[in-house]
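Take a look at the structure set out below.
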Amino acid sequence: MTDTLTGTTATDPWADIRPYRDDEVAAVLANLASNRELLDALTRYRLPRLSRTLPWLARALASHVIRRETRGVTSVRDFQMRVAYYMARMIRTSTDDFRVEGLENLRPDTAYLFIGNHRDISLDPAFVNYALHQAGRDTVRIAIGDNLLKKPYVTDLMRLNKSFIVPRALRGKRAMLAAYQNLSSYIRHSIIDDNHSIWMAQREGRAKDGIDRTDPAIIKMLTMARRQEERNAPIGDAIAELRMVPVSISYEYDPCDLQKARELHAIHSQGRYEKSKYEDIQSIVAGITGHKGRVELRFGEPLGTGFDTPEAVAAEIDRQVIDGYHLFPTHYLALEALGDAPELLDMSEVSDVDRAHFQARLNEVPAELRTWWLAQYANPVRNKAERLTDSEIPSAR
C-alpha cells in the first residue's frame, strides 16, 4: 500500500528521506548527467567564459565529464570510492595534516550514532567517512537538513553519498511531529536492524561563533522511536541502544571564517542576516577548496544507560566534544589578539611561522568584522576553560 501524501510504502517507509539504494544509482546518475541546473552550476564554476559565450557547448562538455567520471559506477560503494579519491586529493592540497584519535577504541563490526560538533557543511561528516574508510570500516549515513536541498540535483548528489533528509521546512506541529517520529524510526532502524552507522550534528546549523553546544531537542527526537514502542522506556535505555558516540573535529583554519564573521556582524548590527541564493553551495565549495591547515578528529566513548533527561545526555555530549576538541595555535593567537583573558593563553606551541600566517589572515579581515572573526577561534579556548557566560552560549539555531 502506498501513502499518496509521502510516496512511502509499507515495505519502504523511509523512501522520501533515506539514502539511495544500489538499484537506484544508475538512473540517478543518468538524470544528473542531463540535469540543466547542475550543468549550468558546474560550468559557471569551472568554465565561466565558455558558459557565457557558448552555454550549450559548456553544458555538453560538463555532461560528458559527468558520464566519464561515473562510468562503471553501479552501486553506492562505487560512488563513494570516487568520492574517496577526491577526498584524498582535497586533503593533500588543502590541509597540512589530518589526525584521527579514538577510533581504535570502537568495535569495527558495530554500528554507532556519531554525534559531533558542526563547523563545515559537508566536510565534518566527510572527514569522519574518510577516517572510517582509511581504517577499513564502512562509511556512515549522514543527516542533512532539507534547508540545504533546495535543488533536486543537490538532493540526488547527497543521497547518492548516503545522506538522509532531516525535515526543517514543514509547517504545523502535527506535520513536524510525524516527520520527526519517522526520522527517529529511520535512525533507530539503521543502528539496530541494519547495523549501519549514522553521523549527525549536535545541533541545527554550524557553530559559527566557535561555541559547541548540543541541543536537547535532538536527543528527544532520537528517543522518539523507542518511546513509541515502549512508552515508559527509560531515556538511558533509549540512548544506550543507539550506541551514541560524541565526535570532535577541529580545524586550524576555517575556510568560511570570513563569511561566518560577516553573518554574525549582520545579526548583531542589523538584527538579521539574509543568505544569498547560492550561499550554502558557495560555502560547501569554499570549505572543500580552502586552506584548512591542520585538522584533528577525535572519537569519544559510547554513552551508556546512566541518563534521566535529554539535558543530561546533551551535557555529556558537550563534555566529550569539548574535552576532545584540539586547540591549535590559531585559537590562542586569536584570544591573545582580543586581549581579554591572558590567563588562558598557552603559547608554548606557537611558532613564528604560526604567528606570521595568522597575522596575514587577520590582515585580510575588514576592521568591522575582526572581533567576530577572532571570536570564532578564541571561543573554544574559553569553552574548554568553562569561561563562557550563559549570555554567550547560543540557543540552538
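Counting along the sequence shown from 1, when you hit position 86 you're at 86 in the UniProt record's numbering, and nothing is skipped either side. Heads up, the beta-carbon is just placed ideally off N, CA and C, and yes, glycines get one too. Owing to the predicted nature of the structure, the values given are computational and were not obtained by experimental measurement.
Distance, residue 329 Cα to residue 351 Cα = Numbered from 1 along the sequence shown, position 351 holds the residue referred to as residue 351. Numbered from 1 along the sequence shown, position 329 holds the residue referred to as residue 329. When rounded, the distance between both Cα atoms is 8 Å.
Opening and closing residue of the alpha helix (DSSP H) in which residue 474 lies = Outside the shown range of the chain, which is 1 to 397, sits residue 474, and nothing can be said about it.
Straight-line gap, residue 344 to residue 386 (C-alpha atoms, nearest Å) = Counting from one through the sequence shown, the residue named residue 344 turns up at place 344. Counting from one through the sequence shown, the residue named residue 386 turns up at place 386. The alpha-carbon atoms of residue 344 and residue 386 are separated by roughly 11 Å.
Can you list, in chain order, the residues of its chain whose CB lies under 6 Å from that of residue 5, leaving out five sequence neighbours each side?
-> What you label residue 5 is simply residue 5 of the sequence shown in a count that begins at 1. Model confidence at residue 5 stands at a pLDDT of 37, short of 50, so the residue's coordinates are unreliable; what they give is reported in the following sentence. Hits under 6 Å: none found.
How would you label residue 111, buried or exposed, when you count the other beta carbons within 10 angstroms and need 16 or more for buried?
-> Working through the sequence shown from its first residue, we reach residue 111 at position 111. Its Cβ being crowded by 16 or more others within 10 Å, residue 111 is buried.
DSSP beta-bridge partners of residue 164 | Numbered from 1 along the sequence shown, position 164 holds the residue referred to as residue 164. BP columns for residue 164 point to 143.
For residue 297, the three-state DSSP class (helix, strand or coil) = Mapped onto the sequence shown, residue 297 falls at position 297. Residue state, collapsed to three classes: strand.
Between which two residues does the alpha helix (DSSP H) containing residue 354 stretch?
-> Walking along the sequence shown from the start, residue 354 turns up at place 354. Taken as a continuous stretch (DSSP letters only), the alpha helix (DSSP H) holding residue 354 covers 352-363.
Whole-angstrom distance between residue 365 and residue 266, CA atom to CA atom = Residue numbering aside, residue 266 sits at position 266 when the sequence shown is read from its first letter. Residue numbering aside, residue 365 sits at position 365 when the sequence shown is read from its first letter. Cα to Cα, residue 266 sits roughly 15 Å from residue 365.
Assigned exposure category for residue 269 - 16 Cβ within 10 Å defines buried | Numbered from its first residue, the sequence shown carries residue 269 at position 269. Per the 10 Å Cβ criterion, exposed.
State yes or no: is the C-beta of residue 381 within less than 7 Å of the C-beta of residue 335?
-> Reading the sequence shown from its first residue, position 381 is the one you call residue 381. Reading the sequence shown from its first residue, position 335 is the one you call residue 335. Taking 7 Å as the Cβ cut-off, residue 381 and residue 335 qualify as a contacting pair.
Pick out the complete beta strand (DSSP E) segments inside the stretch 28-109, 3 residues or longer, and give them in chain order.
-> 95-101
How long is the line joining the alpha carbons of residue 374 and residue 209, rounded to whole angstroms?
-> Here residue 374 corresponds to residue number 374 of the sequence shown, with the count starting at 1. Here residue 209 corresponds to residue number 209 of the sequence shown, with the count starting at 1. One C-alpha to the other measures close to 9 Å.
Exposed or buried, residue 124, counting other C-beta atoms within 10 Å across all chains shown (16 or more means buried)?
-> Locating residue 124 in the sequence shown gives position 124, counting from the first residue. Result: buried.
Taking the beta strand (DSSP E) that residue 207 falls in, what are its first and last residues?
-> Locating residue 207 in the sequence shown gives position 207, where the first residue counts as 1. Neither: residue 207 is in no beta strand (DSSP E) and is coded neither H nor E.
Would you call the CB atoms of residue 314 and residue 239 closer than 7 Å?
-> By one-based count along the sequence shown, residue 314 stands at place 314. By one-based count along the sequence shown, residue 239 stands at place 239. Contact: no.
Can you list, in chain order, the residues of its chain whose CB lies under 7 Å from that of residue 90, leaving out five sequence neighbours each side?
-> Counting from 1 along the sequence shown, the entry for residue 90 is found at position 90. So the qualifying residues of the chain are 288.
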